[in-house]
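With UniProt numbering applied, the sequence shown corresponds to residues 1 to 314, in that order.
Beta carbons: idealized from backbone N, C-alpha and C, even for Gly.
Below you'll find the structure, written out as structure tokens, and then a few comments.
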Amino acid sequence: MKAKEFYDTVRSEISKYLVGMDDAVKALTLALLSRGHVLLEGVPGVAKTTLAKLFAQILGLKFKRVQMTPDTLPSDLIGGKILDPKTGEFRTVLGPIFTNVLLVDEINRASPRTQSALLEAMQEGQVTIEGETYKLPKPFFVIATMNPVEMVGTYQLPEAAKDRFTTSADLRFPPREVEVEAVMLDSSRRALEPSAKKVFDANFVLAAMDEAQSLDVSRKIAEYAVDIVRATRERPDVIMGATTRAAIHLVRAAKANAAIEGRDVVLTDDVKSVVKYVLPHRLVVEVPSEKLFAARDTAYKVIEEILESVEPPA
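Shown next as structure tokens:
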């Protein structure tokens with residue numbers, strides 16, 4: 001299966017340059033094969049940008065990066081019309097969003113207006129410039145990052161915006177042995193920045209996406225996904241639970257998981273496997289402390305308890 005070849009290759013290639021990235025790589029893969037987007041939350045210096053670049057290089061896709069700031073305008077992202085001094089006429093200049101893989105660094109630094117322009121593009125696969133509609137390339141995949149430490153000069157990413165991301169992952173400081181391995185791996189490289197070879201192309205990626213999402217899902221699997229999502233709304237320690245969109249994304253990601261494991265049948269185990277990537281960023285939970293990743297750890301605990309309490313179909 002193309003999806004399995006895709007995942008096995010990406011994981012193998014990235015491990016040549018980065019260590020301790022298994023969860024993040026799976027979150028990226030599940031989101032892409034679900035025709036969605038991914039949100040990476042992590043402190044500075046944990047190779048989020050490098051991971052995104054390597055992912056795009058291996059896939060043979062065009063890559064662009066946008067560093068968000070409070071001054072970033074929608075036109076800085078999608079483009080606009082400028083006056084051509086030679087002709088005296090306005091011409092359209094397309095922004096960095098016209099790419100296959102777009103890394104949006106620190107999405108929560110962008111103003112609500114700029115965030116809205118990005119989210120519209122993610123949802124519709126197109127942008128509007130001065131009343132004219134422009135289709136985005138296919139595939140179009142957004143990797144957005146958030147820094148949970150620095151809150152000065154940031155805008156809260158609305159829950160409705162987080163809900164647009166199919167999956168998420170948190171990149172924390174690695175264990176000591178992994179950190180040592182990362183330093184040794186870097187010291188053995190001659191190039192300052194790692195660069196991976198192209199293995200696939202856009203047509204292969206699109207075929208893998210189609211393959212994954214063409215898998216049939218039984219009503220029992222759909223009911224199981226919905227029951228898990230509904231259970232998040234009934235918890236006293238959850239201020240706001242997951243939405244219907246979350247259930248849809250959960251099933252899409254379960255399809256992708258079955259495909260990367262080489263199966264054409266979606267099992268309850270696929271749903272269980274992807275819950276930790278699909279739901280945590282969507283839950284608003286009561287945070288017990290100011291500790292880094294406290295909200296996400298609480299969300300993980302909630303999800304773990306829900307999986308124990310919700311009966312899978314027979």
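Cutoff 6 Å; reference residue i; Cβ partners in own chain excluding five residues on either side
i, result
"Arg164", "Leu119 and Met122"
"Phe141", "Leu32 and Val101"
"Leu59", "Phe200 and Val205"
"Pro96", "Lys64 and Val66"
"Val46", "Leu171"
"Gly79", "Val93, Leu94, Gly95 and Ile129"
"Ser289", "none"
"Gly262", "Met1 and Lys4"
"Leu83", "Phe90"
"Arg296", "Asp170 and Pro280"
"Arg11", "Val25"
Residue span of the alpha helix (DSSP H) that contains residue i, given as start and end
i, result
"Glu286", "Note, Glu286: premise wrong, no alpha helix (DSSP H); not H, not E."
"Ala295", "Ala294 to Ser309"
"Leu250", "Thr244 to Ile260"
"Ile82", "No alpha helix (DSSP H) holds Ile82; the beta strand (DSSP E) holding it covers Gly79 to Asp84."
"Asp8", "Lys2 to Ile14"
"Val183", "Arg176 to Ser187"
"Asp105", "Unbroken run through Asp105 is the beta strand (DSSP E), Val101 to Asp105; no alpha helix (DSSP H)."
"Arg219", "Arg219 to Thr232"
Bounding residues of the beta strand (DSSP E) (the contiguous stretch that carries residue i)
i, result
"Met240", "Val238 to Met240"
"Lys135", "Glu132 to Lys135"
"Ile143", "Phe141 to Met146"
"Val93", "Glu89 to Leu94"
"Val266", "First-last for Val266: undefined, no H or E at that position."
"Gln156", "It is not in any beta strand (DSSP E) - Gln156 carries neither H nor E in the DSSP assignment."
"Thr167", "Thr167 to Leu171"
"residue 318", "No answer is possible for residue 318: the residues shown for the chain start at 1 and end at 314."
"Thr128", "Gln126 to Ile129"
"Asp23", "Unbroken run through Asp23 is the alpha helix (DSSP H), Asp22 to Leu33; no beta strand (DSSP E)."
"Phe63", "Phe63 to Gln67"
"Glu41", "Val38 to Gly42"
"Asp201", "Note, Asp201: premise wrong, no beta strand (DSSP E); not H, not E."
Expected contact under 8 Å - CB spacing of residue i and residue j to nearest Å
i, j, result
"Lys134", "Leu171", "The amino acid at residue 134 is misidentified as Lys; the sequence shows Tyr. Actually they are not in contact, since the Cβ atoms of Tyr134 and Leu171 sit about 33 Å apart, beyond 8 Å."
"Thr268", "Tyr300", "Thr268 to Tyr300, Cβ: 20 Å. No contact."
"Lys259", "Ala3", "Residue 259 is actually Ala in this sequence, not Lys. Sure, about 4 Å apart at Cβ, within 8 Å."
"Asp105", "Thr145", "5 Å"
"Thr9", "Pro194", "At roughly 16 Å, the Cβ-Cβ gap does not stay under 8 Å, so Thr9 and Pro194 are not in contact."
"Pro74", "Ala117", "4 Å"
"Val302", "Arg219", "Not really, about 26 Å apart at Cβ, beyond 8 Å."
Beta carbon proximity, residue i to chain D, threshold 7 Å
i, result
"Glu159", "Within the model displayed, chain D is absent; a lone protein chain is all it includes."
Residue i versus the options, residue with shortest Cα-Cα distance
i, options, result
"Asp22", "Thr145, Ser168, Glu124 and Val101", "Ser168"
"Gln57", "His281, Lys197 and Leu18", "Lys197"
"Glu304", "Lys291, Pro288 and Pro280", "Pro280"
"Leu40", "Asn108, Thr243, Ala182 and Phe6", "Asn108"
"Asn203", "Pro137, Val127 and Glu181", "Pro137"
"Val149", "Ser188, Ala294, Gln115 and Thr232", "Ala294"
"Gln156", "Arg176, Gln115 and Glu181", "Gln115"
"Ala161", "Ile14, Ala314, Arg245 and Ile221", "Arg245"
"Thr298", "Lys276, Val43, Glu181 and Lys86", "Lys276"
"Pro44", "Ala117, Pro313 and Leu292", "Leu292"
"Gly36", "Lys272, Ser188, Glu124 and Glu308", "Glu124"
"Lys16", "Glu308, Ser187, Val226 and Thr87", "Ser187"
"Ser34", "Ala314, Ala212 and Ile221", "Ala212"
Spatial neighbours of residue i in its chain, beta-carbon cut-off 8 Å, leaving aside the 5 residues before and after
i, result
"Glu159", "Met240, Arg282 and Val284"
"Ile14", "Met21, Val25, Leu51, Leu54, Phe55, Ile58 and Ala196"
"Lys81", "Phe90, Arg91, Thr92, Val93, Ile129 and Glu130"
Cβ pair residue i, residue j closer than 7 Å
i, j, result
"Ala208", "Phe6", "yes"
"Thr72", "Ile129", "no"
"Ile306", "Ile248", "no"
"Val310", "Val266", "no"
"Asp270", "Leu215", "no"
"Ala27", "Val38", "yes"
"Asp237", "Glu286", "yes"
"Leu103", "Ile143", "yes"
Residues of its chain near residue i, where Cβ-Cβ distance is below 7 Å and the 5 sequence neighbours each way are ignored
i, result
"Val274", "Leu30, Leu250, Ala253, Ala254 and Asn257"
"Thr69", "Arg109"
"Gln126", "Thr133, Tyr134, Lys135 and Leu136"
"Val178", "Val19 and Gly20"
"Ala242", "Val229, Thr232, Leu279, Arg282 and Leu283"
"Thr99", "Lys62, Phe63, Lys64 and Pro137"
"Glu181", "Val19"
"Asp76", "Gly95"
"Pro312", "Tyr224 and Thr268"
"Lys48", "Leu40, Gly42, Thr145 and Leu171"
"Asn147", "Val43, Pro44 and Glu106"
"Pro112", "Tyr155"
Near the ligand MG: residue i beta-carbon under 6 Å from a heavy atom
i, result
"Gly241", "Summarising the ligand content, the structure contains no ligands, and the ligand MG is consequently not present."
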